[in-house]
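To start, the structure under review is shown below, and the notes come after it.
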Amino acid sequence: MTEQRVDIKKTLKNYSTTVEKELEKCFADRGIEPRLKDAMEYSLLAGGKRMRPALCLSIAAHYGLDFDVTVPFAAAIELIHTYSLIHDDLPAMDNDDLRRGKPSNHKKFDEATAILAGDGLLTEAFSMMLNVQGVPAERVLQAASVLAYGAGPNGMVGGQVVDMELTGKLDVALGELQHMHALKTGALIVASCLSGAILAGAKDEELAKVIDYGKHLGIAFQIADDMLDVIGDEKELGKPVGSDEAQGKNTYPSLIGIDESRNLAIQMASSACLAIKDFAGAQGEFLRGLAAYVVQRAC
Ligand code: GRG
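The working numbering applies: residue 730 is where the sequence shown begins, and numbers increase by one.
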């Protein structure tokens, strides 16, 4: 986990700039109701890290696919991520007033608009994916289907339901927490990785490596996110430190303590790196560096 020839922050920024340009075009000149367009763009262009599209782009590039071909698909993943954040902040869910340091979508607009902005983003994402040009149609269909699985009832939406069930519950087991996060946070990260490999036509044995990488990265990312809420980085979190505890959330630090959380995060990032140990070249370095970086943010 120590190689650092690729500047991870700079590379992530480059990916994010590329994706951002695509996101800015998504809803332009389409005759969409101005309030809905404003609400979708308010959250979509609010400065996220764009980590999930970067994973898709980098893995597709590792297997030889041009960025130009992958960018619309990768950007579509960010639409799904943005929808999930808008709905997660709603009063019926986490009831958060802030996201990325700004009023959450329903605070800036209203609840109904926020629900519809999320719906619009999710629907548009699948339209963007299915319209990808430059790769065989069966790969596009398979990649979009992977995203539907990761974002849907067997993935992120299912994880959100488990999260609601566990919130405020006492004596939650570590296994229950891990299951919840594997679905809520991990499934979209895995799907971002896997879809990039599928679009590029990677072989089955390669797909297994990519899934393994994504699963471990997802856990490392979630533990780091939980730790930031405790050790404090409001700039990174975009919401007050201690929000998880205030909401009765079970987190890695609340279950196993901060030191054990740190150890587990480092272990998960190492396992992610191990899964793609044979990825040579700049993308391999970036992907391993990213695994180390998500943990370093919180250590
Ligand atoms: C409402 C269906 C539905 C799902 C919501 C992803 C999710 C499920 C909720 C987000 C809540 C949350 C804080 C989860 C912890 C990990 C996480 C996904 C953090 C946000 O992702 P980042 O750090 O965000 O990639 P940016 O702002 O960089 O895009």
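Glycine residues also receive a C-beta, built at the ideal position from the N, C-alpha and C atoms.
### Message
As an exercise, report each continuous beta strand (DSSP E) stretch of at least 3 residues that is fully enclosed by the region 762-827, in chain order.
### Response
none
### Message
Under 7 Å: does the beta carbon of residue 765 sit that close to some heavy atom of ligand 1?
### Response
Walking along the sequence shown from the start, residue 765 turns up at place 36. Flag unset: Cβ of residue 765 not near ligand 1.
### Message
Tell me whether residue 913, by its Cβ, gets closer than 7 Å to a heavy atom of ligand 1.
### Response
Residue 913 sits at position 184 when you count from the first residue of the sequence shown. Yes, the beta carbon of residue 913 sits closer than 7 Å to at least one heavy atom of ligand 1.
### Query
Pairing CB atoms from the region 762-769 with CB atoms from the region 833-846, are three or more of them under 8 Å?
yes
#### Entry: Beta carbon of residue 1023 nearer than 8 Å to that of residue 1004
As a first step, residue 1023 is located in the sequence shown; it is residue number 294 there, counting from the start. As a first step, residue 1004 is located in the sequence shown; it is residue number 275 there, counting from the start. Going by C-beta atoms, residue 1023 is not nearer than 8 Å to residue 1004.
### Query
Name the DSSP bridge partner or partners of residue 832?
Position 103 of the sequence shown holds residue 832. Answer is 827, bridged to residue 832.
### Message
Suppose the cutoff is 7 Å on Cβ atoms and the five residues either side in sequence are ignored; what does the same chain contact list for residue 955 look like?
### Response
On the sequence shown, position 226 is the one that residue 955 refers to. Hits under 7 Å: 973, 980, 981, 982, 990.
### Query
With DSSP run on the structure shown, which of helix, strand or coil describes residue 982?
Here residue 982 refers to the residue found at position 253 of the sequence shown. DSSP places residue 982 in helix when its eight states are reduced to three.
### Query
Nearest-angstrom Cα distance between residue 844 and residue 1007?
By 1-based counting over the sequence shown, the position of residue 844 is 115. By 1-based counting over the sequence shown, the position of residue 1007 is 278. For residue 844 and residue 1007, the distance between alpha carbons rounds to 43 Å.
### Message
So, at 6 Å on beta carbons, what are the nonlocal neighbours of residue 888 in its own chain, with the 5 sequence-adjacent residues on each side left out?
### Response
The residue you call residue 888 lines up with position 159 of the sequence shown. Closer than 6 Å at Cβ, skipping near neighbours: 909, 912, 913.
### Query
By a C-beta neighbour count over all protein chains shown, 10 Å radius and 16 as the cutoff for buried, is residue 867 buried or exposed?
Start at 1 with the first residue of the sequence shown, and residue 867 comes out as number 138. It is exposed - the Cβ of residue 867 has fewer than 16 other Cβ atoms within 10 Å.
### Outcome for residue 738 when other beta-carbon atoms lying within 10 angstroms are tallied against a minimum of 16
Here residue 738 is taken as the residue at index 9 of the sequence shown, counted from 1. Exposed, since its Cβ has fewer than 16 Cβ neighbours within 10 Å.
### Test: residue 883 CB closer than 8 Å to a CB of chain D
Here chain D cannot be found, since the structure has a single protein chain.
### Message
I want to check one thing, is the minimum distance from the CB of residue 889 to the heavy atoms of ligand 1 below 7 Å?
### Response
Counting from one through the sequence shown, the residue named residue 889 turns up at place 160. Checking the Cβ of residue 889 against ligand 1 gives yes.
### Query
Mind checking residue 882: buried by the 16 CB within 10 Å criterion, or exposed?
As a position in the sequence shown, residue 882 is number 153, starting the count at 1. It counts as exposed.
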